[in-house]
Every structure is written in structure tokens, then in C-alpha cells.
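Residue numbers (my numbering): 25 to 368. Here is the structure we will look at.
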């Protein structure tokens, strides 16, 4: 039987986060909640969260590119800020957000729950952005050494999926061979330093931060077990169908952000790092963990399908469904996007 223990001193926000794939729990968003403004122009509500998977969107936001590109269409831009995917889904479901960026778990969970969302692009594939860490001074040197140990991760998250896959790759069973402890990713340093757990399965930018400050070391990553770590860009189906040109502009400016990664203005780099609570000097190291692909590959679809299977396995979804039925590739198949991401 699966052993899951909740650490009593974790925040109440963490205790409620069962379907995370990015960061910890969520505050309420700053939302406009209206599709029209008083001068007759329309507004697009973009949901964003502080994950390194979405650095290009932060670049676009800090430069004002989307606002500028939509000016001719008389469309204003409102940014709704969240800490993770699940509350972002609530905002999409209510119509308060029109387009958002999130990890694989909240993406497939929202569709399974009946939300009419479409996957319109791929923000990033981040296999190396997910890792299993132990304290820097730990005698544990490999995943095989975790038998009989306590592993902390956010239950139902991609970190949970990573744990399952890494253990299986090393002939260990997540239900029989380890004790799973539900944590918020922001508590990783605390639970490691206090010995509450022996290892944690978390994601960027927390991985780089804990390794850089000497708190932890990596013993396993996504590529070690076939975890791709996809992070889709999704939109409300109704909005996308009614405003396809707005959707295309936003994706184009995201791709522009990808192209700008190699030559960021120092001021923009600092603003993006601040949004991620990261030292600006570490931003390049964190970004290097991702492939900011924009276009949707067959491997992306397969990995999203695998995420559905994982959520069914742990009881978070009742049954499987075909994620390909909710993928719309036509938004990313245009010359402007190809030009921005060529060579990336």
C-alpha cells in the first residue's frame, strides 16, 4: 500500500496543492475579468506563473512586445499572475483568463475535468529541469540508495511522476520500497536540512538554486528515466476559435522571446530573474535546462499521454483519454514563428 505522509509544518497552501507541475500553491490572481474595456477595444487576459519554463513569455512581457504587436488590432493586454497551474485552470474555466502557460499535469487534468481548453503551442520541454536531490553532505549517491528512505515531492505533480519513473528505472517500487512525503517545492531546502526527508523531487528554478548555494546535489534527472517534462501553452477553445489572430500574435511574440534568450538586455535579464526569485547570474544556467521549442512534436503528445496514464495510475484521474484530440498545431505553423525559432 502506498505510504503518503503529510508534513504537519508545511504551509496550508502546500497541503492543497495536489495537481501541481510548476511552482507551489497559489495566491489569487490579479484579474480584469472582462472581455471589453470602455473605449470599445477588446482585452486578452494572459495567465503567467513564475516557472523557468516560461522565461520567453517574461521576456515578451518585460519588453512590451505583445502589447505593441496587438495595438493595430485594438486589443489590450491584461496579465494575470499565479503561482501554479491549478488556479490558472480555475481562471480559464471562469473566462477570467484566455491563454496561459502551465506544466503537463494541470494541462491534462483540466481537460479531463471537462474544461474546453486547447493546446496551441509548446512553451518548453524541460527534462533536465526536473531532478531528484539529496543533501550535499548525504551519503546517498544514487537512486538505488533510496530503498527504505523518505522522498519528498508534491503529490500529483510532475515531480511525483519523476519519482515513480526514476525508482522503476532502478528496480524500486514507489509503493513498497520508499515512503512518499507530500511537500511544497519551496520547502525542499527545509525538509532536506532538517532530515525530514532523505531526498526531494523538484523542478527549476529551485534545482539550480539549491545546488548553487551548496544545499543539495543531484542524483537523478528527467533524461535518466524518459521524462520529457512538457510545458504547454493552452487557450480557452472558445476564445481561440473567435480570436485566432490574437492567439497567433501571442505565440509569435513568445517565439521572439525564445530568439532573444542568447542576447538579453541586462535590465530585462534582471527583471525576468526577479520575477523568478532568482539571482540574475543563474538565469542562463536555468534556461539551459529547457528546449523552448514552441512547436508541438509527436514526442510532446506522447509524453502528455504518458502523464494521463500516470495520473490514472495514482488515482488522480478516473480514466484515460486521447490528448491528441485537444492539440491544435495550426497556430504554430507559420513563417514568422519558424523564423524566430530557426537555429534554436
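All C-beta atoms, glycine included, are put in the ideal place defined by N, C-alpha and C.
Checklist entry - According to DSSP, which residues form a beta bridge with residue 154? => result 227
Checklist entry - Which residues mark the beginning and the end of the alpha helix (DSSP H) in which residue 183 is found? => result Taken as a continuous stretch (DSSP letters only), the alpha helix (DSSP H) holding residue 183 covers 182–193.
Checklist entry - Between residue 225 and the rest of its own chain, which residues show a CB-CB distance below 6 Å, the 5 nearest in sequence each way excluded? => result 156, 177, 183, 186, 187
Checklist entry - What number of angstroms, rounded off, separates the C-alpha of residue 349 from the C-alpha of residue 217? => result 45 Å
Item to check | Rounded straight-line distance, which links the Cα of residue 334 to that of residue 200 | outcome: 17 Å
Checklist entry - Roughly how far, in whole angstroms, is the beta-carbon of residue 243 from the beta-carbon of residue 147, given that I think they are within contact range, below 8 Å? => result Rounded to the nearest angstrom, the Cβ distance from residue 243 to residue 147 is 27 Å, too far for a contact under 8 Å.
Checklist entry - In the DSSP assignment, what residue or residues form a beta bridge with residue 333? => result Paired residues: none, contrary to the question.
Next on the checklist: Considering only their Cβ atoms, is the gap separating residue 227 from residue 209 smaller than 8 Å?
Outcome noted: yes
Item to check | Nearest residue (CA-CA) to residue 356, options 230, 142, 297 | outcome: 142
Checklist entry - According to DSSP, is residue 44 helix, strand or coil? => result Low confidence applies to residue 44: its pLDDT is 38, below 50, so where it sits in the model is not reliable enough to give any reading.
Item to check | residue 88, buried or exposed, once every other Cβ within 10 Å from all chains shown has been counted against 16 | outcome: exposed
Checklist entry - CA-CA distance, residue 322 and residue 94? => result CA-CA distance, residue 322 to residue 94, rounds to 31 Å.
Next on the checklist: Applying the 10 Å Cβ sphere with the 16-neighbour rule, what's the burial state of residue 287?
Outcome noted: exposed
Next on the checklist: Taking only three categories from DSSP, how would you classify residue 353?
Outcome noted: helix
Checklist entry - Among 91, 343, 313, 133, which one has its Cα closest to the Cα of residue 246? => result Minimum Cα distance to residue 246 is reached at 313.
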